[in-house]
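This note's numbering puts the sequence shown at residues 16 to 210.
Beta carbons: idealized from backbone N, C-alpha and C, even for Gly.
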Amino acid sequence: MQLLEIFGIAVALSVDAMVVALCWGAVQPKIKVSHVLKFSVVFGAFQALMPALGWLAGGALYSLINAWDHWVAFGLLFFVAVSMIREAFEKDEDDGQCECRSMGSDIAWGNRAMLAVATSLDALAVGFSFAMVSMPIVGPAAIIGIVCALLTALAMLAAGVLSEKAARHSKKLSLLGAAVLLLIGLRILFEHGVF
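Shown next as structure tokens:
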């Protein structure tokens, strides 16, 4: 897998974290550097950890499913992409308001970690799919974590400038991320001679 594809996966996986950061930042009277650092470090760390855990699980099961590993990789990427599409269309399109008002001006570490886990579960499946195509994980996991941390920080900073109107683009971002994952899944099938 090429660096550009890994970067595309990293951006796609970061969409949920970006939306949470954007939403939280949009309802804050002032965004502090400490808030940006807390969010971006925790979200980036979990985005890096989850594909590594998925890869370890996939590596343990690889010998059992070696003959159809490319279908497993495609299926997982397809599942994540469909999930992103479904979530994009389930969002309330009428008001475009952030639903983060109850978060308050700071979020406890435990709550921040729960948000980070919730927004990085897709990365677990992607890590599993990397194991199915015998791809090393350290580099991609680091890239995914760094990209997520940077995009989370940018989303929070942008929220301070753009306010709640920026949250309306979350549907488009989810659809774009899903398209990237589907294209990568199709490329995996193509490389294994399915097409």
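Collapsing the DSSP output to three states places Met-147 in a helix.
For Gly-208, the three-state secondary structure derived from DSSP is coil.
Here the alpha carbon of Ala-194 sits roughly 7 Å from the alpha carbon of Ala-96.
Exclusion of the five residues before and after Ile-158 leaves Ile-21 and Ala-25 as the residues of its chain whose Cβ lies within less than 6 Å of its Cβ. Between Val-57 and the set Leu-79, Thr-134 and Phe-89, the nearest pair of CA atoms involves Thr-134. In the displayed model, Met-16 falls within coil according to three-state DSSP, outside both helix and strand. Counting of Cβ neighbours within 10 angstroms places Ala-123 among the exposed residues, the total staying below 16. Under the criterion of beta carbons closer than 8 Å, Ser-29 and Leu-130 do not qualify as touching, at roughly 13 Å. Arg-101 has its alpha-carbon roughly 25 Å from the corresponding atom of Leu-68.
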